[in-house]
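Student: Below is the structure I would like to discuss, written out as structure tokens.
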Amino acid sequence: MSNSMPAEPAFSVESDGETLRLVLRGAWTISASRTLENAADALAAAGRGAARVAIDFAGVARLDTAGAWLIDKARARMAAGGSATEYRSLDSDQSLLLREAAYAPPAPEAKGKRRPVVDFLVRLGKWSAMIAGNVVTGVSFFGELAAAALRVIFNPALSRPTSMIYHMESFALRAVPIIVTINFLVGSIVEQQGLYQLRRFGASTYAIELIALLVLRELGVLLSSIMVAGRSGSAITAELGSMKMREEVDALRVMGMAPIEVLVLPRILALIFSLPLLTFIADIAGLGGGMVTAYVYEGISFQAFITRVQDYIGLNTFLVGLIKAPFMALVVGLIACVEGFRVQGSAESLGRQVTISVVNGIFMVIFVDGLFAIFFAGIHY
Amino acid sequence: MGPRSQEPIIRVKGLNVGFGSKRVLMDLDLDVPPGQVTGFVGGSGQGKSVLTRAILGLLPKQSGTIEVFAENIDRLSPAERRALERRWGVMFQGGALFSALTVKQNIQAPMREYLKLSQPVMDELALLKIKLVGLPPDAAEKFPSELSGGMVKRAALARALALDPELLFLDEPTSGLDPIGAAEFDDLIATLRATLGLSVFMVTHDLDSLYSICDTIAALADGKVIAVGSLSTMLASDHPWLRTYFHGKRARSIVAPDHAAMGAQS
Chain A
5 MSNSMPAEPA FSVESDGETL RLVLRGAWTI SASRTLENAA DALAAAGRGA ARVAIDFAGV
65 ARLDTAGAWL IDKARARMAA GGSATEYRSL DSDQSLLLRE AAYAPPAPEA KGKRRPVVDF
125 LVRLGKWSAM IAGNVVTGVS FFGELAAAAL RVIFNPALSR PTSMIYHMES FALRAVPIIV
185 TINFLVGSIV EQQGLYQLRR FGASTYAIEL IALLVLRELG VLLSSIMVAG RSGSAITAEL
245 GSMKMREEVD ALRVMGMAPI EVLVLPRILA LIFSLPLLTF IADIAGLGGG MVTAYVYEGI
305 SFQAFITRVQ DYIGLNTFLV GLIKAPFMAL VVGLIACVEG FRVQGSAESL GRQVTISVVN
365 GIFMVIFVDG LFAIFFAGIH Y
Chain B
56 MGPRSQEPII RVKGLNVGFG SKRVLMDLDL DVPPGQVTGF VGGSGQGKSV LTRAILGLLP
116 KQSGTIEVFA ENIDRLSPAE RRALERRWGV MFQGGALFSA LTVKQNIQAP MREYLKLSQP
176 VMDELALLKI KLVGLPPDAA EKFPSELSGG MVKRAALARA LALDPELLFL DEPTSGLDPI
236 GAAEFDDLIA TLRATLGLSV FMVTHDLDSL YSICDTIAAL ADGKVIAVGS LSTMLASDHP
296 WLRTYFHGKR ARSIVAPDHA AMGAQS
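From first to last, the protein sequence lines are chains A and B. Counting from 1 along the first sequence, just add 4 to a position and that's the residue number in this note's numbering. Counting from 1 along the second sequence, just add 55 to a position and that's the residue number in this note's numbering.
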């Protein structure tokens, strides 16, 4: 390094008749950190009460804005204490710096009285208004989407099959390995428990009906929906959110392209087509898991397992699971898109909306599944 | 300020940078003099940003040496590297402000990382920087997304200046500013250079900036520095790209009136 480390900021006090001379030396720069702060405080204290104070810069090796500001602040404090202050031996750079970084007392902050109860009520009110706002935007978004869907139905030229297929590839095709794995595992785990419990009654073959019913009615569609909410819902929110942050959504709008038609509809349609496909694959994988477990633990052959499923499980059981899938997809897609468009300018807000999208998506999937359970029980299907 | 050595503050020798089979910088040599404002010009896509990013260590280089503050940046230990990074400030073209932090917190981020200062002093210093770059005090509590383009530039400069660096990198500082704002920005950089003894390395296309504040101009074309010198050297050069750049339509207002008159007649 060409310039060796300069000395720390310091000063000496010399009395010069009427005038108190504060002779600075060393480097008054921000790299001295706390030492600089302390030196400036000491400077202000040293000059307190003197009638005339002169701050001498002859020995200053380096000065930067932080140093100039703190020295000038010390000077201002002496002046406020009634001292007449002046600078001496300034070179032109230093006087320029002192002028640029002249101390200005901070504007007094308007400190309102703290009223915890009122503040709490204000926050509660804002929060309630936000929830109500969310409901309104959700409903209006759904309406816009329905209108866009109708436009596309009556004018298929508006549909964007390429975009939709592209999204289906990422939502469905690339999700197949993970969907197969988790459903196979959950299928075998549930089957194992079923076998253990029912074996005590000598009814372990009923575990086959148990697993088939559970996988086809609930587990297949539920696990797929949750996986899609976590995997694709988050991706949609992040994509739309970053597009909004970088004004790409506005660019679409001014070019006369409705974001809802260009961005939202293809994604939601892709989800609606993907999730039933994934659910079907999940059903097969779950049954496969059960089948393997039944063979390993109970020696039930694959042939026997399949025959029993065919004999005792009706087509309606399979359809109950499959019918739910498009609705789940709609719920996940709507939430993901709404949250994506709610992203503000910051990276933090993007992270927050993605989290909300996934959490709300999974919650709504389970909630909707509950509604379906009540509905199907009501119609005895 | 202490004695200023005439050793170049940045010295690039035989630098090669490329992406895949495409070579962007070829055996590039460049010396940036200390205590001056060096303007760096070049056509779009010629590698101005690539060079800047290579000097800052953001891009890997294939060969060549880069010295900053007379130290080879490849031979530094991580601790020395951090000490070196503390001595430079970088202002990115888009500002690159942390979007989750307010302007004040953005400026304090490097202070917090490197220094031990009390919160009141950090607040005061942040407000000082905000004032120095010509932002209104109420900008301190705003988030980057609430600022206009010009204010983002100023806030980014304030953050680059947070540690009172010796070397300042500016990537197109005046792009996106109105002419008045750009002129103020130029004045600001000139003042900072004068007061802080700052060396400034500035990638720019703003001919007014080149004319008013740059002591040295370096021009990049075809992966090499084709000319270094004062504005008059550039104007006198007969390299075709430089002729077009400094004598084109947009350049007329900055060259001396007799040049402009000649341009108007031809």
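Even glycine gets a Cβ: it sits at the ideal position worked out from N, Cα and C.
Rounded to a whole number of angstroms, what is the C-alpha to C-alpha distance between Ala70 (chain A) and Leu180 (chain B)?
Tutor: If I take the Cα positions, the gap works out to 6 Å.
Student: Any C-beta of chain A sitting closer than 8 Å to the C-beta of Ser323 (chain B)?
Tutor: Any question about residue 323 (chain B) goes unanswered here, given that chain B covers just 56 to 321.
Student: With a cut-off of 8 Å, does the C-beta of Glu135 (chain B) fall near any C-beta of chain A?
Tutor: no
Student: What's the C-alpha gap between Asp20 (chain A) and Ser93 (chain A)?
Tutor: 15 Å
Student: Output, in chain order, the set of chain B residues within a Cβ distance shorter than 9 Å of Ser350 (chain A).
Tutor: Per Cβ cutoff of 9 Å: Phe153, Ser154, Ala155, Leu156, Phe198, Pro199 and Ser200.
Student: Nearest chain B C-beta to Arg235 (chain A) closer than 8 Å, yes or no?
Tutor: no
Student: Which term fits Ser118 (chain B), buried or exposed, when burial requires 16 or more other beta carbons within 10 angstroms of its beta carbon?
Tutor: So Ser118 (chain B) counts as exposed.
Student: Taking buried to mean at least 16 other C-beta atoms within 10 Å of its own C-beta, is Val342 (chain A) buried or exposed?
Tutor: buried
Student: Closer than 8 Å by beta-carbon distance: list the chain B residues that pair up with Leu101 (chain A), in chain order.
Tutor: Thr250 and Leu251
Student: What does the alpha-carbon distance come out to for the pair Val188 (chain B) and Phe198 (chain B)?
Tutor: Taking the straight line joining both Cα atoms gives about 17 Å.
Student: For Ser321 (chain B), does the count of other Cβ atoms within 10 angstroms reach 16, so buried, or fall short, so exposed?
Tutor: With a pLDDT of 39 at Ser321 (chain B), under the threshold of 50, the modelled position of this residue cannot be trusted, and the question is left open.
Student: Taking Cβ positions only, does Leu262 (chain B) come closer than 8 Å to chain A?
Tutor: No, no contact with chain A.
Student: Can you tell me the Cα-Cα spacing of Leu389 (chain A) and Met289 (chain B), whole angstroms?
Tutor: The requested residue 389 (chain A) does not occur in the structure, where chain A is confined to residues 5 to 385.
Student: Quick one: complete alpha helix (DSSP H) runs, 4+ long, within the stretch 90-166 of chain B?
Tutor: Fully enclosed alpha helix (DSSP H) runs of 4 or longer: 103-110 and 133-140.
Student: Scan the stretch 301-324 of chain A for residues whose Cβ lies nearer than 9 Å to a Cβ of chain B and list them as they occur along the chain.
Tutor: none
Student: So the candidates are A:Ala88, A:Ile240 and A:Lys130; which of them puts its Cα closest to the Cα of Met172 (chain A)?
Tutor: That would be A:Ile240, whose Cα lies nearest to the Cα of Met172 (chain A).
Student: Does Asn159 (chain A) come out as helix, strand or coil in the three-state DSSP assignment?
Tutor: It is coil, neither helix nor strand.
Student: Leaving out five residues before and five after Thr89 (chain A) in sequence, what residues of the same chain have Cβ atoms less than 6 Å from its Cβ?
Tutor: Val57, Arg79, Met82 and Ala83
Student: Could you give the C-beta distance for Val105 (chain B) and Phe224 (chain B), rounded to a whole number, given that I count them as a contact under 8 Å?
Tutor: Incorrect: roughly 14 Å between the Cβ atoms, too far for contact.
Student: Which residues, in chain order, does the stretch 172-185 of chain B contribute to contact with chain A at a C-beta distance below 8 Å?
Tutor: Cβ proximity to chain A below 8 Å picks out Leu172, Ser173, Val176, Asp178, Glu179, Leu180, Leu182, Leu183 and Lys184 from the stretch 172-185 of chain B.
Student: For the beta strand (DSSP E) containing Val347 (chain A), list its first residue and its last residue.
Tutor: Careful: Val347 (chain A) lies outside any beta strand (DSSP E) and carries neither H nor E.
Student: Quick one: using the 10 Å Cβ neighbour count with 16 as the cut-off for buried, is Ala11 (chain A) buried or exposed?
Tutor: exposed
Student: Residues of chain A with CB under 8 Å from Thr246 (chain B), in chain order?
Tutor: Leu100 and Glu104
Student: Interface residues of chain A around Leu170 (chain B) at Cβ under 7 Å?
Tutor: Ile34 and Ser37
Student: Go to Ile65 (chain B), then tell me how far its beta strand (DSSP E) extends in each direction, as first and last residue.
Tutor: Ile65 to Phe74
Student: From the DSSP output, read off the bridge partner residues of Asp20 (chain A).
Tutor: A:Thr23
Student: Is there a C-beta anywhere in chain A that falls below 8 Å from the one on Leu218 (chain B)?
Tutor: yes
Student: Any Cβ of chain B within less than 8 Å of the Cβ of Ala136 (chain A)?
Tutor: Answer no: the Cβ-Cβ gap between Ala136 (chain A) and chain B never drops below 8 Å.
Student: Select from B:Val96, B:Arg66 and B:Phe147 the residue whose C-alpha is nearest the C-alpha of Glu262 (chain B).
Tutor: Contrary to the premise, residue 262 (chain B) reads as Leu rather than Glu in this sequence. For the residues B:Val96, B:Arg66 and B:Phe147, the minimum Cα distance to Leu262 (chain B) belongs to B:Val96.
Student: Helix or strand or just coil, what does DSSP make of Asp86 (chain B)?
Tutor: strand
Student: Determine the burial state of Asn187 (chain A): buried for a count of at least 16 other Cβ atoms within 10 Å of its Cβ, exposed for fewer.
Tutor: buried
Student: What residues from chain A crowd round Leu187 (chain B), counting only those whose CB sits closer than 9 Å?
Tutor: Thr69, Glu104 and Ala105
Student: Assign Gly53 (chain A) to one of three DSSP states: helix, strand, or coil.
Tutor: coil
Student: Below 8 Å on the Cβ atoms is my guess for Ile183 (chain A) versus Ser229 (chain A); work out the distance and round it to an integer in Å.
Tutor: Separation of the CB atoms of Ile183 (chain A) and Ser229 (chain A) is rounded to 11 Å, and the pair is thereby denied contact status at 8 Å.
Student: Between which two residues does the alpha helix (DSSP H) holding Ile264 (chain A) run?
Tutor: Per DSSP, Ile264 (chain A) lies in no alpha helix (DSSP H) segment and is marked neither H nor E.
Student: Give the list of continuous beta strand (DSSP E) stretches no shorter than 3 residues that lie fully inside the stretch 171-227 of chain B.
Tutor: 222-226
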